[in-house]
């Protein structure tokens, strides 16, 4: 059982000094990065046959590594959730484990059901997200995650109001432009493409109103788009400032408690303490 | 009269525990969401006859529901404004009631005057705004509304200055580009389309200057557009931070008042209090 | 001389209660707004002859009003700068007076030198800026002006660095794309048009790189453009917060000074004051 | 040796009052600015032969000046790093010295190896960065640099996550749009061009999805682009506020230490000090 515990320590984020753990950590990250490279390269046309073969072999090797890693992580799950029940299940349904599973499942699926391997291969890129767990970015990512969690309600409201605005704008624009440009604004859902391009100020230029009233609406939506950028900027700004001031508050309180107690006051004429 | 009061309670935002109220709340929200779906679906061409009929029937049902709801809300208005005069009128001219009226009026208007039903149907989407009253988003919406109200003057000034900038830029650009592209910059109002697209950085690409001086002006306006994004972002940021610091201040003052009074100081040599 | 002083009071921003001053204030604002309307209308083609004549008459009337106003303002200048020398000159070279002069000069210039009336007419729009002096927006405008003045150094640095970035990007892009698209990137100055459109994320779509390395540079500049928006947003945010916290600080200090002095401490056993 | 020390003082940023130093400072800045002008002018086609010759002569002169300046700076390096070893090497590998070298090296390289002078001439523009060292912008640049350094971790994380998002979006979009538009989305790397244009909301309009699912993805990426602008804006805002509050804290602590010591408390009944 000692070995299983040791294996768990190796697979988990390496403590500085634990060479085996660090090596495994960087080894898996390397395989992930190489896999991303392989996905990118295999998207090019007219690859030489040798390179195609090499990519195919690398595919098998990395799936083997990822499958082994996933299996070992499941096997050592009880050490991840010590003293709690259903440790295996807990691990399998955890977010990171789901991503890991998504990275290997596409390979095995064609053996079971008939699916397009190419589409499913995209899921392997999800593995890239694990790089965020790397040590050196941890503090910033943690703070950012804390800020996003703290401002979740406001951000959700912003997202909801954005969706509402897009839907309203599309509905109105559809009725305005449909007769003038039936091919560009065929229905409300298709008009959403214009609404998003305008509100986010992307403005590809493939769809835009040509009627006068349509241009007025488009201008209003574009100007509201500026407010839409300002709102999350304000939310995240205040979130960061709140987080920072809380940290400083905590640091101050800590330093207060560490202070030596004040020297007791002694009344000089009777030698006894005052208070 | 008990029933009328109970009806009012049911129609108002449901207290947790008041099952009837919660059911009615979610029921009406469902009808609103379904109506949005219906508006979207009916914007598609070549719908099968059966679906068209279904949408038409759903239209009649939802108008019946909305009319009933509106009538009941007006009838129970005296409980909304207890002890105040003109309760019915007060309710009818309130913002939410106007939106509710806009949602049902388009249906009845064609019976009275000849209007295009399609255009007026858009107004039904205003009902969607009522979803904002939902419990779970309330705190964030309230805070945001407070921030916007607190910064109203600054935001209005920004809007005013933006309008001014658009007008000035359009006037100048019209004189610059009119002779080079008379079809794209025919007059100052039409040139506003370019000004908005540039200042908001949408840049559809249908209208842009081709003269050298026009390009310089366009570049300046685009760069000012960056400041235009920065200004509301700064206003809203500081608004949020002000709101948060006020909340914290209020919380601190509250906790201060709860503090036990400090122990009184007693002079140890005579046993009497100092101060 | 009393009349001249009274005239000065009337022309200056009206105190609430000074009916004559308020009437003149709003009267001039109305003429300004009507002039803007006239400029916009006269930019349309194919106006009916009667309307053209009407606009021409309105032109003469408003020039007369503006000239009279300008003359009276100069005449009453000594009351604007009481007890200081060169009051007339002081007023004439002041920013607001220059704008007022720009609004009437274009009309008189053709009588002296041969200039294009149309181009110079644009200057009349500068009068619109005076609306900012209106009472109701004053506080917000003042605060914003204070923030911009306080952050002037940072904003200038941002503007300077933006110019630098545009110049560098254009120079590099010219060497990259010139051979591929000599008509779109003919020289470094013309390439600035692409640089501004990319950095501000306007992206009209009339000029964009087609070479691989040009696309890489364009992508980098577009991403830097995001930082460019973030920088002034941050500067203005912190400026507003600084201004607000200063105001609160000032209010706090004021309230502290209003506090009654603390009751003096008296030693209870001898009846004399301690400290 | 006195002369060498004096030379060092002259080359370094001039103290106010040191005329020679200020003259040299502004002289070199003038040469830099003129060089930029020369690079811009020489990018135009069909320049008259005389101007071309003039630019060529100016080229030789400025290279001579820059070479002399670089040589003298290296020679006086021991005064820049007093009492430390390898002063010459230290200076040569410093960032500013590398830029200076880049500005003159392109001229000498063709004598040694065969390179395209035109491309290397761009490097001369790097010299422009030295203008940032100018006195008057120093405080703001320093504060900004401090803020960027303080928020480095967060900014790097944002950059990293942006890269991740671009890569993921490109990979997914490639599989979606490749069959519909094989010329616009030929492989994942080429699809990055679309991803950057969408995420930064530039939207040139040369590449955009035409499939339904591609448009959905494009809309999502554009909306995420808004969050991408908000994130650095929030980071930089909070960075500035942190920097400002630290400065104020430092100023407060300083003023506290400058306070005169409080008058000592004397017990009034025995004339001795308490405490």
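Chains as they are written, first to last, in this note's numbering: chain R, 1 to 275; chain Y, 1001 to 1275; chain H, 2001 to 2275; chain U, 3001 to 3275.
For each residue, glycine too, the CB sits at the ideal point set by N, CA and C.
Remember, it's a predicted structure, so these values are computed and weren't measured experimentally.
In this structure, residue 2205(H) lies away from residue 1071(Y), with their beta-carbon atoms at least 8 Å apart. Ranking 2074(H), 2059(H), 2017(H) by CA distance to the CA of residue 2007(H) puts 2074(H) first. Boundaries of the alpha helix (DSSP H) harbouring residue 1170(Y): 1152 to 1177, taken from the DSSP string. With a threshold of 8 Å between beta carbons, residue 1203(Y) makes contact with chain U.
Cβ neighbours of residue 2192(H) within its own chain (closer than 8 Å, five residues either side excluded): 2166, 2167, 2170.
Classified as exposed, residue 152(R) has fewer than 16 neighbouring CB atoms from the shown chains inside 10 Å of its CB. When the Cα atoms are used, residue 1236(Y) and residue 58(R) turn out to be separated by approximately 51 Å. Counting only Cβ-Cβ distances below 7 Å, residue 238(R) has contacts in chain Y at 1237, 1240, 1241, 1244, in chain order.
Residue 149(R) counts as exposed, since fewer than 16 other C-beta atoms from the protein chains shown sit within 10 angstroms of its C-beta.
In this structure, the alpha-carbon of residue 3199(U) lies about 16 Å from that of residue 3174(U). C-alpha of residue 107(R) to C-alpha of residue 159(R): approximately 35 Å in a straight line. The CB of residue 1225(Y) comes closer than 8 Å to the CB of 2200, 2202 in chain H, given here in chain order.
For the pair residue 1217(Y) and residue 1172(Y), the CB atoms are nearer than the 8 Å cut-off.
Taken atom to atom, the span from the alpha-carbon of residue 69(R) to that of residue 3163(U) is near 26 Å.
In the structure shown, residue 2091(H) falls within a helical segment according to DSSP collapsed to helix, strand and coil. Within chain R, the C-beta atoms nearer than 7 Å to that of residue 2233(H) come from 233, in chain order. Using a Cβ distance threshold of 8 Å, residue 2189(H) and residue 2214(H) do not count as a contacting pair. Between residue 2031(H) and residue 2062(H), the C-beta spacing is below 8 Å. When CB distances to chain Y are screened at a threshold of 8 Å, not a single residue of the region 138 to 151 of chain R falls below it. Secondary structure note for residue 3204(U): it is in no alpha helix (DSSP H), with a DSSP letter that is neither H nor E. Around the Cβ of residue 2021(H), a 10 Å sphere holds 16 or more other Cβ atoms; the residue is buried. In summary, the residues of the region 3032 to 3053 of chain U whose CB is separated from some CB of chain H by less than 8 Å are 3036, 3039, 3040, 3043, 3044, 3045, in the order they occur in the chain. Assignment of residue 208(R) by DSSP, reduced to helix, strand and coil, places it in the coil class.
The beta carbon of residue 2213(H) does not come within 8 Å of any beta carbon belonging to chain U, so the residue lies off that interface. Around the Cβ of residue 95(R), a 10 Å sphere holds fewer than 16 other Cβ atoms; the residue is exposed. Under the Cβ criterion (8 Å, minimum of three pairs), the region 3217 to 3229 of chain U does not count as touching the region 2237 to 2247 of chain H. Collapsing the DSSP output to three states places residue 1100(Y) in a helix. Taking 8 Å as the cut-off, the beta carbon of residue 67(R) is found no closer than this to the beta carbon of residue 11(R). With its beta carbon less than 8 Å from one in chain Y, residue 222(R) belongs to the interface. One thing to note: residue 1044(Y) has its Cβ no nearer than 8 Å to the Cβ of residue 234(R). In the displayed model, residue 1181(Y) falls within coil according to three-state DSSP, outside both helix and strand.
Note that the C-beta distance between residue 2219(H) and residue 3196(U) is below 8 Å. Less than 8 Å separates the beta-carbon of residue 2229(H) from that of residue 1229(Y). The C-beta distance from residue 1161(Y) to residue 154(R) rounds to 27 Å, too long to meet the 8 Å contact threshold. Boundaries of the alpha helix (DSSP H) around residue 3078(U): 3077 to 3080.
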